[in-house]
Amino acid sequence: MNVLITPAMVGQVIISGLLSGVLYGMVALGLALIFGVMRIINVAHGPLLMLGAYTTFFLYSAFGLNPYLTVPVSMAVLFVVGVLLERTLVFRVVDAPELSSLLLTFGISIALVNAAQLAFTSDLRAVEFLTGSWILGPFAFSKSRVIAFVFAAALTAGAFVFLKSTRLGKAIRATSQSREVAMVCGIDVGAIHRLTFGLASALAAAGGALIAVIVAIQPEMGQIWTFKSFLVIVLGGAGNYPGALLGGMLLGLVEQLASLFLTTQLSEVVAYVLLVLVLLVRPTGLLGGRQT
Amino acid sequence: MKRLAPVLLVLALIALAFYPAVGTGYGLRAMLQVFMWIALAGSWNLISGLTGYVSFGHVAFFGAGAYTAAILIASSGWSWPFAALAGGVAAGVLALGIGWPCLRLKGPYFAIAMLGLNEVLRALVSYFEGLTGGGNGLSMPTLDATVPVYYAMGLTAIGVTVGSRLIIGSRFGLRLMTIREDEMAAEAMGIPTFRHKLLAFLLSAIGPGIAGALAARDQGYIEPLSVFPLATTITMIVMTLFGGKGTVWGPVLGATVLFVAQEMVWARYPYIHPLLFGAIIVAVVLAMPRGILGLLQTKYRLPRTI
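In order, the protein sequences belong to chains A and B.
Sequential numbering of the first sequence, starting at 1, is according to this note's numbering.
Sequential numbering of the second sequence, starting at 293, is according to this note's numbering.
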């Protein structure tokens, strides 16, 4: 790199990293919820995000809806898809060995991506709604990224309030702490599993809807999001919900710094090295493991 | 049945050994593919079928072997049999590097780390353009070696299958299966689980490394998209699950049956291929976890260890 790196550039990437990090955190919170409550890593999490992105794209291109107004619609659609998936397939592997749940959700993920390729073709699609940037002193902020940050922060905060103070949220946390005890307390664990899967899919859909406004989408976009979300929950500590947010910001920051000091081509490699390092040094995550 | 099986097996091997003398170019190429899938499915079975640790990125070893061999052949002028062995070694080294951090932990870490590995290798290959040709790919000098590559691929498939037979029948294999059934219990019994998992993973990477190198030599030209497709991982998983995971003959059966079905029936509908494979995975996991070999074992009272 022979380009001079100024403090303003570093400030810029730090802010951009934190902006996209909150989005990572929100998507990963969905994966963390399913893992915490059902002890399943949902490999189809990224493809569900992709379906959310396409829902927004079609509502925008067919009906001319403001894409930000479609976020709740995408979330509702994917909530239903998530509940149906849980109800028909995923509940069968909740107590099965890990191999079964990983392979089952992997199979679902392949089928979803291929179905999307057949239905929507592999063409890149873009929601050209909000382009350009806001300039603030030495910094420039892409408008779509700032709004995505605001949405993600609000939704994540909403999810935390829901988990912290509502009866249903408490039931979800109770189930994630101990399924047997939750059952003894009269919680319908099956219903909680369905609700959790639906909520997680809705969070992924919100991510997809917001991403669709930032970059062009295609059916294969999902897989990398499964990986990134997993990396985020490893960083934050598996089963630790606030950790997901911290992990997300850390991943956003590391990716942006890597693109400044190395090259954007290698940002996935850097993320991977980060995963391997964390697994080697502190496998319980930066905030430590399970606490809800 | 028990006395007939070895005789049939020997006859089949003799027929395959003489096949290049009579076979058509298409037939030879199809058999080469069957051998390749047997080697790949059998190798995936060694780590995932035996220990229960799912590898979602086994094609990474195929690609690593292909690139190692192609670079050695194109830039250093190695002859292809040695380059193929080097491909196997390179895949093994890569497996040690990934397995060391990821297999020390129980749980889904290994599976997801493997899911990302493929993308990472593809990015690295594109980045180090000087060595790998980047997106332009890498051409090897032309060489008509279909028949020798046919034998080499056949030997690789036999090697993986015989290796699986030896492993599954040994104490080492039993320990791996103990890890799959209950890792805590395995540890309590004094099995060094990490070392066993790592060794199984190393062994499972060598076959795909060699197969990738041979496939690269056969095609004469490789590029990132052609040697790192997710579809290859999916196919070896489907074949193993369909045939019967954790067995010696399951991957062989699954690879053969699904390859023939693919050529005869689904070749006309390439677009729905992944959808079909996804559906097979879901169906096998839910309805027939021991694959078709499991069904046969129950029906004809065959031993569980074949």
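Heads up, the beta-carbon is just placed ideally off N, CA and C, and yes, glycines get one too.
As the structure is a prediction and not an experimental result, all values here were calculated from the model.
When 9 Å is used as the limit between beta carbons, L416(B) is near these residues of chain A: L266, V269, in chain order. With at least 16 other beta carbons inside 10 angstroms of its own, K489(B) counts as buried. DSSP places F139(A) in the strand class (E or B) of the three-state scheme. The Cβ atoms of A191(A) and L51(A) do not sit closer than 8 Å to each other.
For D474(B) and C185(A), the gap between their C-alpha atoms comes out near 29 Å. If you draw a straight line from the Cα of E411(B) to the Cα of S267(A), it comes to about 11 Å. The closest CA to that of G583(B), considering only G546(B), V385(B), L594(B), is found on G546(B).
Within the segment 433–484 of chain B, no run of beta strand (DSSP E) at least 3 residues long lies entirely inside it.
Around the Cβ of Y60(A), a 10 Å sphere holds 16 or more other Cβ atoms; the residue is buried. Taking a Cβ-Cβ cut-off of 7 Å, the neighbours of L397(B) in chain A comprise L279, P283, given in sequence order. Within the segment 173–194 of chain A, contact with chain B at the beta-carbon level (separation under 8 Å) is assigned to no residue.
The beta-carbon separation of T196(A) and M38(A), rounded to 7 Å, stays under the 8 Å limit for a contact. Each residue's CA atom was taken as its position, placing I135(A) and M406(B) some 41 Å apart. Using a Cβ distance threshold of 8 Å, M432(B) and A366(B) count as a contacting pair. Collapsing the DSSP output to three states places R582(B) in coil. DSSP places K170(A) inside the alpha helix (DSSP H), whose first and last residues are 167–177.
Per DSSP, the continuous alpha helix (DSSP H) segment holding L19(A) begins and ends at 7–38. Listed in chain order, the non-local C-beta contacts of Y513(B) below 8 Å within the same chain comprise G429, L430, S431, M432, local neighbours out to five positions each way being set aside. Here K164(A) is exposed, its C-beta having fewer than 16 other C-beta atoms within 10 Å. Pairwise C-beta distances place the segment 82–97 of chain A out of contact with the segment 212–220 of chain A, as fewer than three of them are shorter than 8 Å. Secondary-structure assignment with DSSP links R282(A) through no beta bridge to anything.
Taking a contact to require three or more Cβ pairs closer than 8 Å, the segment 352–359 of chain B and the segment 551–565 of chain B do not qualify as touching. For a Cβ distance threshold of 8 Å, nothing in chain A lies close to E475(B): the least Cβ distance comes to about 10 Å. With respect to chain B, the C-beta atom of Y272(A) has a partner C-beta closer than 8 Å. Apart from sequence neighbours up to five positions away, the residues of its chain that approach L364(B) with a beta-carbon distance below 7 Å are W370, A375, A378, ordered along the chain.
For L48(A), there are no C-beta contacts with chain B under 7 Å, since the nearest C-beta of that chain is about 14 Å from it.
For a Cβ distance threshold of 8 Å, nothing in chain A lies close to L494(B): the least Cβ distance comes to about 17 Å.
DSSP, reduced to helix, strand and coil, places L69(A) outside both helices and strands of the structure shown, so it counts as coil. Counting only Cβ-Cβ distances below 8 Å, V574(B) has contacts in chain A at L89, L104, G107, I108, A111, in chain order.
At a Cβ-Cβ threshold of 8 Å, Y24(A) and K170(A) do not count as neighbours. The criterion of a C-beta distance shorter than 8 Å is not satisfied by L118(A) and V574(B). Distance from the CA of R125(A) to the CA of G208(A), rounded to the nearest whole angstrom, comes to 13 Å. Legend: CB atoms of the segment 213–229 of chain A lying less than 8 Å from CB atoms of chain B belong to residues Q223, I224, T226, F227.
Cβ proximity to chain B below 9 Å picks out nothing from the segment 10–30 of chain A. Annotation: I211(A) has no Cβ neighbours in chain B at a cutoff of 9 Å; minimum Cβ distance is about 17 Å.
Residue state for S133(A) is assigned as strand, using DSSP reduced to three classes.
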